[in-house]
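>
In my numbering, the protein residues as written are 3 to 218.
1. So is residue 190 buried or exposed if we call it buried at 16+ other beta carbons inside 10 Å?
2. Excluding the 5 residues preceding and the 5 following residue 138 in the sequence, name in chain order all residues of the same chain whose CB lies nearer than 6 angstroms to its CB.
3. Taking the alpha carbon of residue 78 as the reference point, which residue from 110, 65 and 108 has its own alpha carbon closest?
4. Identify whether residue 46 lies in helix, strand or coil by the three-state DSSP scheme.
5. Going by C-alpha distance, which of 13, 26 and 41 is nearest residue 164?
6. Please identify the residue among 170, 6 and 175 whose C-alpha is closest to the C-alpha of residue 250.
7. Taking DSSP's pairing of strands, which residues face residue 181 in a bridge?
8. With a 10 Å radius around its C-beta and 16 neighbouring C-beta atoms as the bar for buried, classify residue 11 as buried or exposed.
9. On the DSSP bridge assignment, give the partners of residue 88 in chain order.
10. For residue 106 and residue 162, what's the separation of their Cα atoms in angstroms?
11. So residue 4 packs on residue 141, CB below 8 angstroms; how close in whole Å?
12. May I ask which residues mark the beginning and end of the beta strand (DSSP E) holding residue 134?
13. For residue 7, which of helix, strand or coil comes out of DSSP?
14. Would residue 19 and residue 184 be called neighbours here (beta carbons separated by less than 8 angstroms)?
15. Figure out for me which residue from 150, 60 and 25 has the closest Cα to the Cα of residue 114.
16. If the criterion is Cβ atoms closer than 8 angstroms, does the pair residue 86 and residue 149 meet it?
17. By Cβ distance below 7 angstroms, which residues in the same chain neighbour residue 199 in space, the five residues on each side in sequence not counted?
18. Flag this pair as yes or no: are the beta carbons of residue 193 and residue 117 separated by less than 8 angstroms?
19. Quick check: what's the CA-CA separation for residue 146 versus residue 27?
20. For residue 182, which option in 67, 111 and 84 has the closest C-alpha, if you only look at C-alpha atoms?
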């Protein structure tokens, strides 16, 4: 079975999350553009290069949508994802953030490609005010991911780490409840309906002709 394009996967996510297509498209486009720290979170399909659905990209969309209930923008939501550790545990020296991912992001990605694993989730709660993510399981203890206070971000000239520091310092206080929950059933449906690119292959194609019928 051919993998979905990244854009088509985003459309399927919007349908499952009952999110208006224009809203998802706005988030998608925002993540494609570079921010003040020169980071873009989603690639653009151009010419012969077509990007396919990949769980790491889906996680970036999920973070942007999940934290949209508060003051964090799509880019800040993704930077924050690199600072979250279980119960705010200390980061090891070899865990300097990079676009390659973190334990937290890997856990989210694993649920997107395994419907059985996704079925074990009751809900994922994004708390923009406290900058936390809680994964609540049906029959297992919850996992709460909080900003780690053990690593000083943004002390040098690393733009990516400066982006993380800015997201951690962002004022997210609000008198309005800024929590947004996504059901495990929705994650399971995404896992079942999106045709993912084999993780052992690069998430793009260099074919001169694509029958995906769409560009992003």
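Virtual Cβ for every residue (Gly too), placed ideally from N, Cα, C. Keep in mind that this is a model prediction, so the values were computed, not measured.
This is what the structure gives:
1. The count along the chain shown starts at 1 and reaches residue 190 at position 188. With 16 or more Cβ atoms within 10 Å of its Cβ, residue 190 is classed as buried.
2. For the purposes of this step, residue 138 is taken as the residue at position 136 of the chain shown. Result list for residue 138: 124, 125 and 144, in chain order.
3. Along the chain shown, read from residue 1 onward, the residue named residue 78 stands at position 76. The candidate whose alpha carbon is nearest that of residue 78 is 65.
4. On the chain shown, residue 46 is found 44 positions in, with the first residue counted as 1. Looking at residue 46 - three-state DSSP - the assignment turns out to be coil, as it is neither helix nor strand.
5. In the chain shown, the residue the question calls residue 164 occupies position 162. Measuring from the Cα of residue 164, the nearest candidate turns out to be 41.
6. The shown model of the chain, from 3 to 218, leaves out residue 250, and the question about it has no answer.
7. For the purposes of this step, residue 181 is taken as residue 179 along the chain shown, with counting starting at 1. Its beta-bridge partners are 129.
8. Numbered from its first residue, the chain shown carries residue 11 at position 9. Buried is the call here.
9. Here residue 88 corresponds to residue number 86 of the chain shown, with the count starting at 1. According to DSSP, which records beta bridges pairwise, residue 88 is partnered with 147.
10. The sequence position of residue 106 within the chain shown is 104, counting from 1. The sequence position of residue 162 within the chain shown is 160, counting from 1. When rounded, the distance between both Cα atoms is 18 angstroms.
11. Locating residue 4 in the chain shown gives position 2, counting from the first residue. Locating residue 141 in the chain shown gives position 139, counting from the first residue. Not really, about 35 angstroms apart at Cβ, beyond 8 angstroms.
12. The sequence position of residue 134 within the chain shown is 132, counting from 1. Run containing residue 134: 134 to 139, per the beta strand (DSSP E) assignment.
13. On the chain shown, residue 7 is found 5 positions in, with the first residue counted as 1. Residue state, collapsed to three classes: strand.
14. Position 17 of the chain shown holds residue 19. Position 182 of the chain shown holds residue 184. Taking 8 angstroms as the cut-off, the beta carbon of residue 19 is found closer than this to the beta carbon of residue 184.
15. Locating residue 114 in the chain shown gives position 112, where the first residue counts as 1. Minimum Cα-Cα distance from residue 114 among the listed residues 150, 60 and 25 corresponds to 60.
16. What you label residue 86 is simply residue 84 of the chain shown in a count that begins at 1. What you label residue 149 is simply residue 147 of the chain shown in a count that begins at 1. Result yes, Cβ atoms of residue 86 and residue 149 sit closer than 8 angstroms.
17. As a first step, residue 199 must be located in the chain shown, where it is residue number 197. Excluding residues within five positions, the ones whose Cβ falls inside 7 angstroms are 5, 54, 55, 56 and 205.
18. Looking up residue 193 in the chain shown gives position 191. Looking up residue 117 in the chain shown gives position 115. Yes, these two residues count as a Cβ contact at 8 angstroms.
19. By 1-based counting over the chain shown, the position of residue 146 is 144. By 1-based counting over the chain shown, the position of residue 27 is 25. The alpha-carbon atoms of residue 146 and residue 27 are separated by roughly 29 angstroms.
20. On the chain shown, residue 182 is found 180 positions in, with the first residue counted as 1. Measuring from the Cα of residue 182, the nearest candidate turns out to be 67.
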